[in-house]
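Visitor:
Number of protein chains: 2
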Amino acid sequence: MVFPLPAPMRLALDAAIAAAKESEVPVGAVITRGEQVIAVAANATRTTNDPTAHAEIVAIRAACAKLGTDRLVGCTLWVTLEPCAMCAGAITHARIERLYYAASDPKGGGVEHGARVFSHSTCHHRPEVTAGLGEREAADLLRDFFLERRDR
Amino acid sequence: MVFPLPAPMRLALDAAIAAAKESEVPVGAVITRGEQVIAVAANATRTTNDPTAHAEIVAIRAACAKLGTDRLVGCTLWVTLEPCAMCAGAITHARIERLYYAASDPKGGGVEHGARVFSHSTCHHRPEVTAGLGEREAADLLRDFFLERRDR
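Residue numbers (numbering that gives the first Met the number 0), protein chains in the order written: chain A, 0 to 151; chain B, 0 to 151.
1. Taking one C-beta from the region 82 to 99 of chain B and one from the region 71 to 85 of chain A each time, how about it: are there three or more such pairs within less than 8 Å?
2. In this structure, how does DSSP classify Arg149/B when only helix, strand and coil are distinguished?
3. Of the choices Glu21/B, Gly33/B, Val24/B, Pro25/B, whose alpha-carbon is the least far from that of Pro7/B?
4. Give the straight-line distance between the Cα atoms of Asp104/B and Ile30/B, rounded to the nearest whole angstrom.
5. Should Leu146/A go down as buried or exposed, given a rule of 16 or more other Cβ atoms within 10 Å for buried?
6. Where does Ile30/B sit, in a helix, a strand or coil, going by DSSP?
7. Give me the subset of the region 78 to 101 of chain A whose CB atoms are less than 7 Å from a CB atom of chain B, sorted by chain position.
8. Less than 9 Å between CB atoms is the rule here; does Cys63/A satisfy it with respect to chain B?
9. Compile a chain-ordered list of the residues in the region 120 to 149 of chain B whose CB is closer than 9 Å to at least one CB of chain A.
10. Going straight from the alpha carbon of Ala61/A to that of Ala38/A, what length do you get?
11. Looking at C-beta atoms only, is the number of pairs between the region 46 to 59 of chain A and the region 63 to 83 of chain B that lie closer than 8 Å three or more?
12. Just list the alpha helix (DSSP H) runs in the region 7 to 68 of chain A, keeping only unbroken ones of 4 residues or longer that don't cross its boundaries, in chain order.
13. Does the region 103 to 121 of chain A touch the region 111 to 123 of chain B, meaning 3 or more C-beta pairs lie closer than 8 Å?
14. Return the CA-CA distance between Ala130/B and Arg142/B, expressed in angstroms with no decimal places.
15. Should Val72/B go down as buried or exposed, given a rule of 16 or more other Cβ atoms within 10 Å for buried?
16. Put Thr79/B into one of helix, strand or coil per three-state DSSP.
17. Show which residues of chain A have a CB atom less than 8 Å away from the CB atom of Ile56/B.
18. Tell me the DSSP bridge mates of Thr121/A?
19. Scan the region 3 to 36 of chain B for residues whose Cβ lies nearer than 7 Å to a Cβ of chain A and list them as they occur along the chain.
20. Where does Val78/B land, buried or exposed, given buried means 16+ other C-beta within 10 angstroms?
21. What in chain B is Cβ-close to Thr44/A, meaning under 9 Å?
22. Going by C-alpha to C-alpha distance, which of Val128/B, Glu136/B, Ala102/B sits closest to Glu96/B?
23. Looking at the ligand SAM, does it come within less than 8 Å of Ala19/A, judged from the CB to the closest heavy atom?
24. Name the residue from Gly108/A, Thr75/A, Pro126/A, Ala102/A whose alpha carbon lies nearest to the alpha carbon of Leu12/A.
25. Who are the near neighbours of Leu4/B in its chain, counting only those whose CB is closer than 6 Å to its CB and skipping five residues on each side?
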């Protein structure tokens, strides 16, 4: 029996697919609170000339604007790739409660790789983290994106 | 003989002083390229409901918007406090060439403390880092800010 992906991760993957069509590295993110979808975003660093516009940052900023707060207490972040150090730091600052990510990122990740932002004693807020949900599709999206560009 | 602070760090400290008057944690940042000031910013997390609006992130976004690029090649970031993991990650993504910060931050810093973002083999861009320039004034600003609030 194969369980379907939770709807928010499906939404995040669809946002990643849409980003690839804009020549953005295909990473998508969704923020939920309970059953409610608060924000859907994708990586937008190239189209916006903003190196901080990773999917997670765009989603956090949108969710905070929507809720009128700088703390996303009780919220869950669903993202198709392991957050980098910048995004992991933002997750801490935003007090995100749970983090689901799809593919691991040995080169750029900052959760289970590299800076391991949540693993230091000085980290003042850690989400509950679950990795691997939808990882094959998320990883295939990224691999295909970079393969296609390498061939050009 | 006492050398005066370089003008960009003076600007960053003045931005921090202005932030405190808006009840924002007093941290300021300036981005320069050669002799030119590209962006001046301060911490704005509370006034904008944006947990990512640390001085460094606001300055990087402003500089990228001004220059029409997502890579601040050849730019220097001057900030009054050791960048956190989020901001250190953003400095890497933005390809900032040199980083000067004033006060160290044993609790929240991510350069010489905690996640030490630039010290991992997977970090794909490291700025040249110089700490301590104007540290006493920067640290006093923060201490006074938090002391005043604790007394309320």
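Using N, Cα and C, we set each Cβ at its ideal position, and we do this for glycine too.
Guide: Reading it off the structure:
1. yes
2. helix
3. Gly33/B
4. 20 Å
5. exposed
6. strand
7. Cys83, Ala84, Met85, Ala87, Gly88, Ala89, His92, Ala93
8. yes
9. Ser120, Thr121, Cys122, His123
10. 6 Å
11. yes
12. 54 to 66
13. yes
14. 18 Å
15. exposed
16. Strand.
17. Here the neighbours are Thr51.
18. Answer by DSSP bridge pairing: none, since Thr121/A is not bridged.
19. The region 3 to 36 of chain B vs chain A, Cβ under 7 Å: nothing.
20. buried
21. Scanning chain B for C-beta atoms nearer than 9 Å to the C-beta of Thr44/A yields Asp69, His92, reported in chain order.
22. Val128/B
23. No copy of the ligand SAM appears in this structure; indeed no ligand is present at all.
24. Ala102/A
25. Gly133
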